[in-house]
Amino acid sequence: MNREQISGIAHAGHPIKAPLDDDSVRRLLDHGAPRGDERVLDLGCGSAEWLLRALAAHPSLHAEGVDVSEQALELAGRSADRLGVRARLVLHQQEAADFVPAQSFDLVLSVGATHAFGGLLPTLAAARKHLAPGGRVLIGDGFWDRTPSPEAFELFGELDDLATTVDRVVADGWTPVHGHVSSRRELDDYEWACWGSLASWALDRPGDPDAAEALATATARRTEWLHSYRDSFGFLTLVLRPTSG
Ligand SMILES: C[S@@+](CC[C@H](N)C(=O)[O-])C[C@H]1O[C@@H](n2cnc3c(N)ncnc32)[C@H](O)[C@@H]1O
Numbered sequence: 007m008n009r010e011q012i013s014g015i016a017h018a019g020h021p022i023k024a025p026l027d028d029d030s031v032r033r034l035l036d037h038g039a040p041r042g043d044e045r046v047l048d049l050g051c052g053s054a055e056w057l058l059r060a061l062a063a064h065p066s067l068h069a070e071g072v073d074v075s076e077q078a079l080e081l082a083g084r085s086a087d088r089l090g091v092r093a094r095l096v097l098h099q100q101e102a103a104d105f106v107p108a109q110s111f112d113l114v115l116s117v118g119a120t121h122a123f124g125g126l127l128p129t130l131a132a133a134r135k136h137l138a139p140g141g142r143v144l145i146g147d148g149f150w151d152r153t154p155s156p157e158a159f160e161l162f163g164e165l166d167d168l169a170t171t172v173d174r175v176v177a178d179g180w181t182p183v184h185g186h187v188s189s190r191r192e193l194d195d196y197e198w199a200c201w202g203s204l205a206s207w208a209l210d211r212p213g214d215p216d217a218a219e220a221l222a223t224a225t226a227r228r229t230e231w232l233h234s235y236r237d238s239f240g241f242l243t244l245v246l247r248p249t250s251g
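Here is the structure:
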């Protein structure tokens, strides 16, 4: 099984690929697109779940999503058809850092995808280039809630604590106008949803040649979470406006 297949099964019950529940996503989108007629860009959109929710809630909103994953974008297109929002959604399969849009956007989203740009501040620099005057950025990334174990550091790399993360964003020329720190419940629900879906998929298919690998992966990833990073990893989502200009 490739990464894409595993990710598709793991996220079947939690289509937002980040530790945020439906209410948190809705509130963040309300702060990111307060009028409801915005042009919205998602860099690293995956199956475009954030955009689909914004489009379904606001009939005058238009959206574009960028991702390298063909499978995730196909799923996004099918979901958009089902929701009747396909005409207002443009999907681009390419490296997010190489995306050159025809116009600027009122809201630029990037959640759980800062690795595509080499970190939080480079992602904000890319978002800034795509932003229309008066626009907002909605960005989600990890932070260290406690000192990480060596294994957690190996998995997630250089992150700051919550206050330092926000300080660095502010020093980079942004003002937070809303923010959400994922709760223990959101963090746990996300991990249980991913590794539970994958394990159930395997247990439902005892004769499938991929079942053993899927179950082993679910077990390994659940163990890694519980032993390596459950106590130290946090997730912050910010709605930002440029402090000047
Ligand atoms: C954790 S998922 C988050 C998806 C989505 N933002 C969400 O919150 O549901 C990260 C996404 O980034 C995409 N990605 C990773 N590297 C990328 C790159 N260089 N350019 C564009 N997308 C990338 C992956 O394919 C994946 O869909």
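The numbering used here applies: residue 7 is where the sequence shown begins, and numbers increase by one.
Where a beta carbon is used, it is the ideal one built from N, C-alpha and C, also for glycine.
What I want to know is whether the C-beta of residue i ends up closer than 8 Å to one or more non-hydrogen atoms of ligand 1.
i	result
His68	no
Val72	yes
Ala199	no
Leu115	yes
Ser75	yes
His121	yes
Trp231	no
Gln100	yes
Leu130	no
Ser234	no
Sort out for me which residues DSSP pairs residue i with in a bridge.
i	result
Glu70	Leu47 and Val96
Asp147	Leu242
Val31	DSSP lists no partner for Val31.
His184	Val245
Arg142	Leu113
Leu137	Phe111
Nearest to residue i by CA position, among the options, is which residue?
i	options	result
Gly202	Asp216, His68, Arg211 and Leu221	Leu221
Phe277	Arg32, Phe123 and Leu165	Limits of the chain in this structure are 7 at one end and 251 at the other, which puts residue 277 out of reach.
Leu81	Ala108, Arg59, His121 and Gly52	Gly52
Val114	Ser75, Gly140 and Gly90	Gly140
Asp178	Ala131, Gln11 and Pro65	Ala131
Ala122	Gly148, Val74, Arg84 and Asp112	Val74
Val46	Ala224, Glu219, Ile145 and Ser85	Ile145
His184	Arg152, Asp214, Thr243 and Gly163	Thr243
Asp194	Asp27, Ser13 and Met7	Asp27
Ser188	Thr120, Pro156 and Asp151	Asp151
Asp112	Trp231, Ala217, Arg41 and Arg227	Arg41
Ser155	Ile15, Asp36 and Asp237	Asp237
According to the neighbour-count rule (16 or more other Cβ atoms, all chains shown, within 10 Å of its Cβ), is residue i buried or exposed?
i	result
Arg142	buried
Asp48	buried
Leu209	exposed
Thr6	Any question about residue 6 goes unanswered here, given that the chain covers just 7 to 251.
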